[in-house]
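Residue numbers (the working numbering), protein chains in the order written: chain A, 7 to 120; chain B, 484 to 591.
Note that CB positions come from ideal geometry on N, CA and C, so glycine has one too.
As structure tokens, the structure follows; a few thoughts come after it.
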């Protein structure tokens, strides 16, 4: 199993541009989570899905952020327009909803907005 | 949202056991305790989890007190590669909320 795959690994963009981060969960997992990590705020849960349906997006910081999961094998996190304060490492994790096992995290996307 | 308290940092000599404490005094009866670690620039890695019994796997042991208000993660023979931030998490409604964790430094 290749694990949770995120792309790109690094993204540098100019303020005001649209940014799309991608995540492929582990096959068979039915829940997916997006986290953001910064030095100031640590790891923050942004949004999570169960069976491709968004369950809770209360962690999404602003309307500029949106996430979709069109099918069980793909999710995107979009920021439009991007701002310098969005610079962070964004992690995706997947797991089995209702299972007691831990979730598996991807390697993250390091986003820099200049 | 974090329901756990951990010391911000700890040191451990290479080859010795690393004992990382965690307080979770408000834990509910059916909430599990999970431990993850994050090595610099990598995604968090699952280590172990437990409800009330002590648990052991190939990575570590988890000791949970009888009242379940605290736990200890034990790395039996710490190596330099165990240097990382260790997070103790109480899972709430299928979600993991990470606190600030303990930064463990293994010293040669």
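Cα-Cα separation, residue i to residue j
| i | j | result |
| --- | --- | --- |
| residue 116 of chain A | residue 82 of chain A | 15 Å |
| residue 539 of chain B | residue 40 of chain A | 29 Å |
| residue 501 of chain B | residue 561 of chain B | 6 Å |
| residue 64 of chain A | residue 54 of chain A | 10 Å |
| residue 24 of chain A | residue 17 of chain A | 11 Å |
| residue 42 of chain A | residue 530 of chain B | 21 Å |
| residue 46 of chain A | residue 91 of chain A | 11 Å |
| residue 72 of chain A | residue 590 of chain B | 43 Å |
| residue 33 of chain A | residue 109 of chain A | 13 Å |
| residue 505 of chain B | residue 551 of chain B | 11 Å |
| residue 84 of chain A | residue 104 of chain A | 27 Å |
| residue 582 of chain B | residue 48 of chain A | 7 Å |
| residue 517 of chain B | residue 532 of chain B | 4 Å |
| residue 61 of chain A | residue 102 of chain A | 14 Å |
Span of the beta strand (DSSP E) around residue i
| i | result |
| --- | --- |
| residue 66 of chain A | No beta strand (DSSP E) contains residue 66 of chain A, which DSSP labels as neither H nor E. |
| residue 504 of chain B | 501-506 |
| residue 493 of chain B | 492-496 |
| residue 16 of chain A | 16-19 |
| residue 531 of chain B | 528-533 |
| residue 567 of chain B | 567-573 |
| residue 74 of chain A | 71-77 |
| residue 55 of chain A | 48-56 |
| residue 103 of chain A | Neither: residue 103 of chain A is in no beta strand (DSSP E) and is coded neither H nor E. |
Residue from the options with nearest C-alpha to residue i
| i | options | result |
| --- | --- | --- |
| residue 113 of chain A | B:528, B:515 and B:514 | B:528 |
| residue 497 of chain B | B:563, B:577, B:581 and B:513 | B:563 |
| residue 14 of chain A | A:87, A:30 and A:106 | A:30 |
| residue 644 of chain B | B:571, B:586, B:543 and B:576 | Here chain B comprises residues numbered 484 to 591, so residue 644 of chain B is not present and cannot be evaluated. |
| residue 521 of chain B | B:582, B:579, B:569 and B:580 | B:569 |
| residue 59 of chain A | A:80, A:88 and A:12 | A:80 |
Rounded Cβ spacing between residue i and residue j (contact assumed at less than 8 Å)
| i | j | result |
| --- | --- | --- |
| residue 573 of chain B | residue 488 of chain B | That belief does not hold up - the Cβ atoms of residue 573 of chain B and residue 488 of chain B are roughly 11 Å apart, past 8 Å. |
| residue 536 of chain B | residue 544 of chain B | Contact doesn't hold; Cβ gap of about 11 Å is too wide. |
| residue 503 of chain B | residue 515 of chain B | Between residue 515 of chain B and residue 503 of chain B the Cβ distance is about 17 Å, and since that is not below 8 Å, they are no contact. |
Residue i CB to nearest heavy atom of the ligand FMN below 8 Å
| i | result |
| --- | --- |
| residue 546 of chain B | Of ligands this structure carries none, so the ligand FMN is not represented either. |
Requested in this report: Indicate whether the contact test is met: 3 or more Cβ pairs, each with one atom in the segment 93-108 of chain A and one in the segment 545-559 of chain B, closer than 8 Å.
Outcome: no
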